[in-house]
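Counting the sequence shown from 1 gives a position; my numbering is that position plus 28. Just below is one structure, and these are the notes that go with it.
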Amino acid sequence: MNIVEKELQQKFEDRSAKIAVLGMGYVGLPLAVVFAEAGFEVIGIDPDERKIKSLNAKKSYIGDVSTETVERLVDAGKLKATTDFAAIAEADGVSICVPTPLRKTGDPDLSFILNATADIKKYLHPGMAIVLESTTYPGTTRELLLEELTDGTDLEAGKNLFLAFSPERVDPGREDWTTANMPKVLGGVTKACGDICALWYGQALTNVVHVSSAEVAEMAKLLENTFRMVNIGLVNEMAIMCERLGVDVWEVIDAAATKPFGFMKFTPGPGLGGHCIPIDPLYLSWKLKALNYTARFIELASEINTNMPRYVVSRTQDALNDRLGKPLNGAKVLVLGAAYKPDIDDLRESPALDVIGLLREKKAVVSYHDPYIPHIAHEGWAMDSVDDLMATVADVDCVVIVTNHSSYDYSAILEQANLIMDTRNAVGKMDYDPERVEIL
Ligand code: SAJ
C-alpha cells in the first residue's frame, strides 16, 4: 500500500476525511446524512439553489430525512450545502448521486454523470475516492469516469485515485430498509479502489457488500430492477391471457402465491411507472445492442408494459359499449389516482399520464382525481384534480381506477359509480354488481 492510499485509509478510519455528495435529491441527501451521522464532515453540492437554501436554513425537503436531523447535523458542523462545485477540492471522498434518465429517443441520458465527472475533474487531487451511485449500464464507471478523470493527469486508479460503483437502493417512504441499514453493493475499478471505498462506506453503512468489480455492482442493480420489470410484464400478459380465457387473473395470482417457495407475487396494472423500473433495464438493453446482442426479455417486457395503458383504454371502451351502450367518444371518464403507485405523490412515468392521453385522443371527456397530485400538465394538456370527488364519480359514465390510493372510500365509489374499470383489483374483493364493474 503506497503512502497516498495509507493516508486516505487513515482519514476514513478516523473519520477525519471530508465527504462531498453531488446531487442532493432523494438519494444524495439521505446518504449525506448517513455519512454526517457517522461523524464525517459532509458537504452537499447541488446546482438547485432552492435545495441548498433549504439545507442551510436547516430544513429538509426529502420525506425520508427529518428537518430535526438536518438542524442537528448543520448545528454540529457536520453537514453543509453549496451550489459551488469548487467545494470538491476539499473533499477526500466524493459520492455522485445524480439522475440517469432516458432521452426522448429511449437512449440513456448520461449528461448528468458526464457533467458531474467534468466538475470533479476540475478539482480532482491525488488521494481522492469517488463512488458513483447513479444507476447506469455496466462499464460506465470504468469507460467514462476513469477515462475522463485520469486523462491528461498522472492519476492512476488504485494508486492515487480510488474509483468505485455502488448502486443506490433508496425506496422513498420505506422505513424498514433505509440508506443506513440497506445492504449496499460496492465494487471498485481495481481491488485497491474497492477496498478503500468499501472501508469508507463501511464506516457509515451497516452492510457493505463488497464485490470484485464496478461492473458486477453496475450489473447487480440492473438485474434487481430488470427482475421486477420482466415479472411485472409477465403478470400483465397473464392478465391479457386470462381475460381471453374468461379466468380471473387476480384469483389465479393469489392461488399461485400460496406456493411457499419458488414464487414471488406481482400484480397486473395499467402500466409501469416510476423513475427506476421502466428505465433502468433499458440502460442494459441499450448497452447490449452496442455489443450486437438483443436483450429480448427486456424488450418484450417493455413492449407489454408500455402497451398496458392502451389495453386499459380499449377495455374501458368495450365496457362503455357493452354495459352502457355508449361510445367512448363523448363519454365522461374519471381517472381515479394519477401517481405511479399508491399513497405517494410521484407522477414520474406514471401510466395515468398515458391513459389520460389516450382517452383524450378517443375524444372522451376526461377528468382525474388524485389526493396527492393537485395539478397535471403533460404533453400539451393540463388538468386540476377534481374538487368534489363523489359528485364527479356519480356524474361520469365511467370511473377508471388507475392508482389505488388507500385513502379512497371504495364502497362509496362502488355505490355511486355508473361503471368502474378497475385496473388494480381495488374493488375485486368487495361486493359489487358485475354489470357495473370491469376488472383488469
Ligand atoms: N407495479 C405493478 N405490479 C407489481 C409491482 C409494481 O404493476 O407487482 C408497478 C407499480 O404500480 C409502478 C411500477 O410498477 O408503477 C414500479 O413499481 P415498484 O413497486 O417497483 O416501485 P418503485 O419504482 O418505487 O421501485 C422501487 C425500487 N427501488 C429501487 O430501485 C431502489 C424497487 O427495486 C423496489 O423493489 C420497489 O421500490 C419497492 O419494492 O417498493
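Ideal placement from N, C-alpha and C gives every residue a C-beta, glycine not left out.
(Q) Count Cβ pairs between the segment 207-226 and the segment 235-242 that sit closer than 8 Å; are there 3 or more? (A) yes
Q: Inspect the beta-carbon positions of VAL98 and PRO58 and report whether they are closer than 8 Å.
A: Counted from its first residue, the sequence shown places residue 98 at position 70. Counted from its first residue, the sequence shown places residue 58 at position 30. Cβ atoms of VAL98 and PRO58: not closer than 8 Å.
**Q.** From VAL217, VAL49, PRO136, residue whose alpha carbon lies closest to that of LYS495
**A.** Absent from the structure is residue 495, since the part of the chain shown begins at 29 and ends at 468.
Q. Does DSSP put PHE63 in a helix, a strand or coil?
A. Here residue 63 refers to the residue found at position 35 of the sequence shown. Helix at PHE63.
Q.
Could you check if GLU161 belongs to the surroundings of ligand 1, using beta carbon to heavy atom distance under 7 Å?
A. Looking up residue 161 in the sequence shown gives position 133. False, no ligand heavy atom lies under 7 Å from that Cβ.
Q) Between CYS270 and ligand 1, is the CB less than 7 Å from at least one heavy atom? A) Translated into positions along the sequence shown, residue 270 becomes position 242. No; taking the cut-off as 7 Å, the Cβ of CYS270 has no heavy atom of ligand 1 nearer than that.
Q. For GLU389, which option in SER413, VAL341, ALA347 has the closest C-alpha, if you only look at C-alpha atoms?
A. Here the question's residue 389 lines up with position 361 in the sequence shown. Among SER413, VAL341, ALA347, the Cα nearest to that of GLU389 is on VAL341.
**Q.** LYS391, DSSP secondary structure in three states
**A.** Along the sequence shown, one-based indexing puts residue 391 at 363. Here LYS391 sits in coil by DSSP.
Q) Who are the Cβ neighbours of VAL102 in its own chain at under 6 Å, not counting the five residues just before and after it? A) Locating residue 102 in the sequence shown gives position 74, where the first residue counts as 1. The residues are LYS86.
**Q.** Proximity of LEU214 and VAL198 at Cβ, strictly below 8 Å
**A.** On the sequence shown, residue 214 is found 186 positions in, with the first residue counted as 1. On the sequence shown, residue 198 is found 170 positions in, with the first residue counted as 1. Going by C-beta atoms, LEU214 is not nearer than 8 Å to VAL198.
Q) Can you list, in chain order, the residues of its chain whose CB lies under 7 Å from that of ASN13, leaving out five sequence neighbours each side? A) Limits of the chain in this structure are 29 at one end and 468 at the other, which puts residue 13 out of reach.
Q) Who are the near neighbours of MET52 in its chain, counting only those whose CB is closer than 6 Å to its CB and skipping five residues on each side? A) Taking the first residue of the sequence shown as 1, we reach residue 52 at position 24. Taken in chain order, the residues that qualify are GLY72, ASP74, LYS79.
Q.
Determine whether the beta carbon atoms of THR420 and LEU362 lie at a separation below 8 Å.
A. Locating residue 420 in the sequence shown gives position 392, where the first residue counts as 1. Locating residue 362 in the sequence shown gives position 334, where the first residue counts as 1. Yes. Within cutoff.
Q) How close, in whole Å, do the beta carbons of GLU246 and PHE190 come, if the pair is a contact with beta carbons under 8 Å? A) As a position in the sequence shown, residue 246 is number 218, starting the count at 1. As a position in the sequence shown, residue 190 is number 162, starting the count at 1. At roughly 17 Å, the Cβ-Cβ gap does not stay under 8 Å, so GLU246 and PHE190 are not in contact.
Q | Complete alpha helix (DSSP H) runs within the segment 288-343 (minimum length 4 residues, chain order) | A | 308-318
Q: Report the partner residues of ILE73 according to the DSSP bridge assignment.
A: Sequence index remark: in the sequence shown, residue 73 carries index 45 (1-based). The partner list for ILE73 (beta bridge, DSSP) reads LEU50, THR110.
Q.
Given a cut-off of 8 Å on the beta-carbon distance, is the pair ASP425 and ASN453 in contact?
A. For the purposes of this step, residue 425 is taken as the residue at position 397 of the sequence shown. For the purposes of this step, residue 453 is taken as the residue at position 425 of the sequence shown. Cβ atoms of ASP425 and ASN453: not closer than 8 Å.
Q. TRP409 by DSSP, collapsed to three states: which one?
A. Reading the sequence shown from its first residue, position 381 is the one you call residue 409. Three-state DSSP puts TRP409 in a strand.
Q) So who's on the other strand from HIS397, going by DSSP bridges? A) On the sequence shown, residue 397 is found 369 positions in, with the first residue counted as 1. Its beta-bridge partners are LEU364.
Q: If I'm right that SER162 touches ILE141 with Cβ under 8 Å, what's the distance once you round it to whole angstroms?
A: Taking the sequence shown and counting its residues from 1, one reaches residue 162 at position 134. Taking the sequence shown and counting its residues from 1, one reaches residue 141 at position 113. At roughly 6 Å, the Cβ-Cβ gap stays under 8 Å, so SER162 and ILE141 are in contact.
Q.
By the DSSP assignment, the alpha helix (DSSP H) with ASP423 in it spans what residues?
A. Looking up residue 423 in the sequence shown gives position 395. First-last of the alpha helix (DSSP H) with ASP423: 417-423.
Q. For ligand 1, any of its heavy atoms closer than 7 Å to the Cβ of GLY51?
A. Here residue 51 corresponds to residue number 23 of the sequence shown, with the count starting at 1. No, since every heavy atom of ligand 1 falls outside the 7 Å radius drawn around the Cβ of GLY51.
(Q) Taking contact to mean 3 or more Cβ pairs, one atom from each stretch, closer than 8 Å, check whether the segment 280-299 and the segment 308-319 are in contact. (A) no
Q. On the three-state DSSP scale, how would you describe ALA192?
A. Position 164 of the sequence shown, counted from the first residue, corresponds to residue 192. Correct three-state label for ALA192: strand.
Q) Quick one, are the C-beta atoms of PRO136 and TRP314 less than 8 Å apart? A) Walking along the sequence shown from the start, residue 136 turns up at place 108. Walking along the sequence shown from the start, residue 314 turns up at place 286. Closer than 8 Å, so yes.
**Q.** Whole-Å CB distance - SER413 paired with ILE429, under 8 Å assumed
**A.** Taking the sequence shown and counting its residues from 1, one reaches residue 413 at position 385. Taking the sequence shown and counting its residues from 1, one reaches residue 429 at position 401. That pair is no contact at about 15 Å.
Q) What first and last residue would you give for the alpha helix (DSSP H) that runs through LEU174? A) In the sequence shown, counting from the first residue as 1, residue 174 sits at position 146. Run containing LEU174: none; DSSP gives neither H nor E here.
Q: Tell me whether ARG256 is buried or exposed, calling it buried when 16 or more other Cβ atoms sit within 10 Å of its Cβ.
A: Here residue 256 refers to the residue found at position 228 when the sequence shown is read from its first residue. Counting Cβ neighbours within 10 Å, ARG256 comes out buried, since at least 16 surround it.
Q | Secondary structure, beta strand (DSSP E): runs of 3+ residues fully inside the segment 97-144 | A | 107-110, 121-124
Q | Under the three-state DSSP convention, the category ALA185 falls into | A | Taking the sequence shown and counting its residues from 1, the one referred to as residue 185 is at position 157. Of the three classes helix, strand and coil, the one that applies to ALA185 here is strand, per DSSP.
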